[in-house]
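Enquirer: Below are the structure tokens for one structure; questions will follow.
Protein chains: 2
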Amino acid sequence: MWQRPGGGGGRTRVITNANIIEKGCVNFSAVHGLLPEKIAAQLNLKAAHDFFATGVSIVMHPHNPMVPIIHMNVRYFEISSGEKWFGGGIDLTPHYVNIEQAKYFHQTLKGVCDQHHKTYYSEFKNWADEYFFIRHRSETRGIGGIFFDKLAETKEITLIERFEFVQHVAETFIPAYTKLMTENKDIPYGKKQKKWQMLRRGRYVEFNLVYDNGTKFGLETDGRAESILLSMPPEANWVYNFQTEEGSEEEHTQNLLKKEIDWINF
Amino acid sequence: MWQRPGGGGGRTRVITNANIIEKGCVNFSAVHGLLPEKIAAQLNLKAAHDFFATGVSIVMHPHNPMVPIIHMNVRYFEISSGEKWFGGGIDLTPHYVNIEQAKYFHQTLKGVCDQHHKTYYSEFKNWADEYFFIRHRSETRGIGGIFFDKLAETKEITLIERFEFVQHVAETFIPAYTKLMTENKDIPYGKKQKKWQMLRRGRYVEFNLVYDNGTKFGLETDGRAESILLSMPPEANWVYNFQTEEGSEEEHTQNLLKKEIDWINF
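Protein chains in written order, with this note's numbering: chain A, 1 to 266; chain B, 1 to 266.
Okay, structure coming up:
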């Protein structure tokens, strides 16, 4: 439980060295106050406005490199100018890509999306591909998922319908990740797999600190650093110019860290 | 040896798992081309300009937590608009602050500065305090040092005099760090010190990826990611809400990660 000096606060829950999860967190926050200048500029707002933002963020870093890292976020934002919108998404970062599980993961997200709008999946899947792209590495963070932002009311879709969709996304997290944990948690691994996991976690750190808007927003609005940076893995490594071995599982995964892969029909 | 697609290139040299240094790098680069839009905006330049930038960067991450991390950078920048300037600095990030060595380090830098201009040390020492500040943690990266940028020609100081100063800074790096390595490399340490080192390295990662202009400039000008990110430690850890023990050496160091400490007269 923490308070934000500028208004509001949140609750942070952490799990460390559990059976499957090495470090995991659930962050809830509901903050408000004067919209920070930098954020106002990004939103093309001239005058000073108040804002209210609330969200839930989850990141899980497993012990076993065969279990993927997962991230889920749902959020709601409103500004005193009258604008209000939802955002969020779920994405998966396997240290080792398992094609069947990637299909399952995207099929599940498509199932959720399709119940709410026929263009949601293709739109939000592409958005995740763009968003979770580590530009300086020319690679995606993982196999993506769905990402969406500024889902406001339209003539066609009410704000309540947006909310129902976002709720449905949140509810999908537990069954989907439980299946992936259960299927992979007992797969044996050795030093090579652990080393690769540490390098992939290094990329995770790079993405979150260099590109992630949620992290930037949090740090720029004087959010609680310890909560915001809970997405950091417990341990990460950097090795200069690491190259995967030809024909290895690591190379297989590296080659799949690309945008625009149609996982469902892979 | 690497080439930059937009023009120029560089040389990267790495040392890993040496006797004292776990991971160290020397990066030389000389790049040119069209000034990227983002950088132009930061410099308040409207039109498209060409730039040329060259520099040497050094970062050393030692095995022994009692040996400090060091960083040195010297750089030269020119734009087709006619502007040209030098920048650079040296700063020290001890995992454990040793007051005598902090005094020695700052005294050495003051000695160099004083030979070139009477205001250099106080000006550039304060600049380092401001620059190497991890805002979201409200702590400095280490004990600072000197940092300077945009040292252009003035009525009082020629560009050649600026260059002589920058050369002098670069030449100070080897004797100063050699002394610190030599004095500390055989100090015994245990798991507790190693754990603390990994947390301090985590902060080093946070600073470099969130705040460091050199890193941002490199990534935004399509520099070579593997070279730019050589400043990353070989391994870093993040522990939620870590608190130092009362009266411990770690607490002593944590309390000294502040701006405006007068190390020379400590």
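Note that beta-carbon positions come from the ideal geometry of N, C-alpha and C, so glycine has one too. This structure is a prediction, so every number in the text was calculated from the model and none was measured.
When you compare the CB of Y76 of chain B with every CB in chain A, is at least one pair closer than 8 angstroms?
Expert: As a working note, residue 76 of chain B is residue 76 in the second sequence. Judged by the 8 angstroms Cβ criterion, Y76 of chain B is not in contact with chain A.
Enquirer: If you scan the region 182–239 of chain B from start to end, which runs of the beta strand (DSSP E) of 3 or more residues do you find wholly inside it?
Expert: Scanning the region 182–239 of chain B from its first residue to its last, the whole beta strand (DSSP E) runs of 3-plus residues come out as 235–237.
Enquirer: Could you work out which residue in B:L219, B:F147, B:G218, B:Y189 is closest to P62 of chain B when comparing CA atoms only?
Expert: What you label residue 62 of chain B is simply residue 62 of the second sequence in a count that begins at 1. The candidate whose alpha carbon is nearest that of P62 of chain B is B:Y189.
Enquirer: Spell out whether any CB of chain A is found under 8 angstroms from the CB atom of E250 of chain B.
Expert: The residue labelled residue 250 of chain B in the question sits at position 250 within the second sequence. By this cut-off, E250 of chain B is not an interface position.
Enquirer: Going straight from the alpha carbon of V59 of chain A to that of E226 of chain A, what length do you get?
Expert: Along the first sequence, one-based indexing puts residue 59 of chain A at 59. Along the first sequence, one-based indexing puts residue 226 of chain A at 226. Going by the C-alpha atoms only, they are around 14 angstroms apart.
Enquirer: From the beta carbon of N213 of chain B, is the nearest beta carbon of chain A less than 8 angstroms away?
Expert: Residue 213 of chain B sits at position 213 when you count from the first residue of the second sequence. Judged by the 8 angstroms Cβ criterion, N213 of chain B is not in contact with chain A.
Enquirer: So which residues of chain B does W2 of chain A contact, with C-beta pairs closer than 8 angstroms?
Expert: Working through the first sequence from its first residue, we reach residue 2 of chain A at position 2. Near W2 of chain A there are no residues of chain B at all, since even the closest Cβ is about 10 angstroms away, more than 8 angstroms.
Enquirer: Kindly identify the DSSP beta-bridge partner or partners of I90 of chain B.
Expert: For the purposes of this step, residue 90 of chain B is taken as the residue at position 90 of the second sequence. According to DSSP, I90 of chain B bridges with B:M72, B:I146.
Enquirer: Kindly indicate which residue of A:I174, A:T154, A:K194 has the alpha-carbon position closest to the one of M72 of chain A.
Expert: Stepping through the first sequence from its first residue, residue 72 of chain A is reached at position 72. When each option's Cα is compared against that of M72 of chain A, the closest is A:I174.
Enquirer: Work out the CA separation of E260 of chain B and F86 of chain B for me, nearest whole Å.
Expert: Here residue 86 of chain B refers to the residue found at position 86 of the second sequence. Here residue 260 of chain B refers to the residue found at position 260 of the second sequence. Cα to Cα, the separation comes out at about 24 angstroms.
Enquirer: When the Cα atoms are used, what is the spatial distance from G247 of chain A to L256 of chain A?
Expert: Working through the first sequence from its first residue, we reach residue 247 of chain A at position 247. Working through the first sequence from its first residue, we reach residue 256 of chain A at position 256. So the alpha carbons of these two residues sit roughly 13 angstroms apart.
Enquirer: Any Cβ of chain B within less than 8 angstroms of the Cβ of M232 of chain A?
Expert: If you number the first sequence from 1, residue 232 of chain A lands on position 232. Judged by the 8 angstroms Cβ criterion, M232 of chain A is in contact with chain B.
Enquirer: Please list, in chain order, all residues of the same chain as N208 of chain B whose beta carbon is under 6 angstroms from its beta carbon, the five residues on each side excluded.
Expert: Within the second sequence, residue 208 of chain B is the residue found at index 208, counting from 1. So the qualifying residues of the chain are T215, S231.
Enquirer: I think G142 of chain B touches P94 of chain B, with their Cβ atoms under 8 angstroms apart; what is that distance to the nearest whole Å?
Expert: For the purposes of this step, residue 142 of chain B is identified with residue 142 of the second sequence, where counting begins at 1. For the purposes of this step, residue 94 of chain B is identified with residue 94 of the second sequence, where counting begins at 1. Confirmed, about 6 angstroms.
Enquirer: What are the residues of the region 23–52 of chain B that lie near chain A, defined by any Cβ-Cβ distance shorter than 8 angstroms?
Expert: K23, C25
Enquirer: Specify the secondary structure class of G268 of chain A as computed by DSSP and reduced to three states.
Expert: Chain A is shown from 1 up to 266; residue 268 of chain A falls before or after that span and cannot be answered.
Enquirer: So for A53 of chain B, helix, strand or coil by DSSP?
Expert: Here residue 53 of chain B is taken as the residue at index 53 of the second sequence, counted from 1. A53 of chain B: strand per DSSP, three-state reduction.
Enquirer: Identify whether Q167 of chain A lies in helix, strand or coil by the three-state DSSP scheme.
Expert: As a first step, residue 167 of chain A is located in the first sequence; it is residue number 167 there, counting from the start. Helix.
Enquirer: Given F28 of chain A, which residues of its chain have a CB within under 6 angstroms of its CB, disregarding the five upstream and five downstream residues?
Expert: As a working mapping, residue 28 of chain A is identified with position 28 in the first sequence. Same-chain partners within the cutoff: G10, R11, V56.
Enquirer: Apart from the five residues just before and just after K38 of chain A, which ones in its own chain have a Cβ nearer than 6 angstroms to its Cβ?
Expert: Your numbering for residue 38 of chain A matches position 38 in the first sequence. Excluding residues within five positions, the ones whose Cβ falls inside 6 angstroms are E220.
Enquirer: As a quick exercise: from B:R201, B:H116, B:C25, B:K84, pick the residue whose alpha carbon is nearest that of P65 of chain B.
Expert: One-based indexing of the second sequence puts residue 65 of chain B at position 65. That would be B:R201, whose Cα lies nearest to the Cα of P65 of chain B.
Enquirer: Helix, strand or coil, according to DSSP, for F242 of chain B in the structure here?
Expert: Looking up residue 242 of chain B in the second sequence gives position 242. F242 of chain B falls in the coil class under three-state DSSP.
Enquirer: Select from B:A30, B:I20, B:N19 the residue whose C-alpha is nearest the C-alpha of W2 of chain B.
Expert: The residue labelled residue 2 of chain B in the question sits at position 2 within the second sequence. The shortest CA-to-CA distance from W2 of chain B to any of B:A30, B:I20, B:N19 is the one to B:A30.
Enquirer: Identify whether I157 of chain B lies in helix, strand or coil by the three-state DSSP scheme.
Expert: If you number the second sequence from 1, residue 157 of chain B lands on position 157. If DSSP states are grouped into helix, strand and coil, I157 of chain B belongs with coil.
Enquirer: Pull up the DSSP beta-bridge partners for E139 of chain A, would you.
Expert: Numbered from 1 along the first sequence, position 139 holds the residue referred to as residue 139 of chain A. Bridge partners of E139 of chain A: A:I134.
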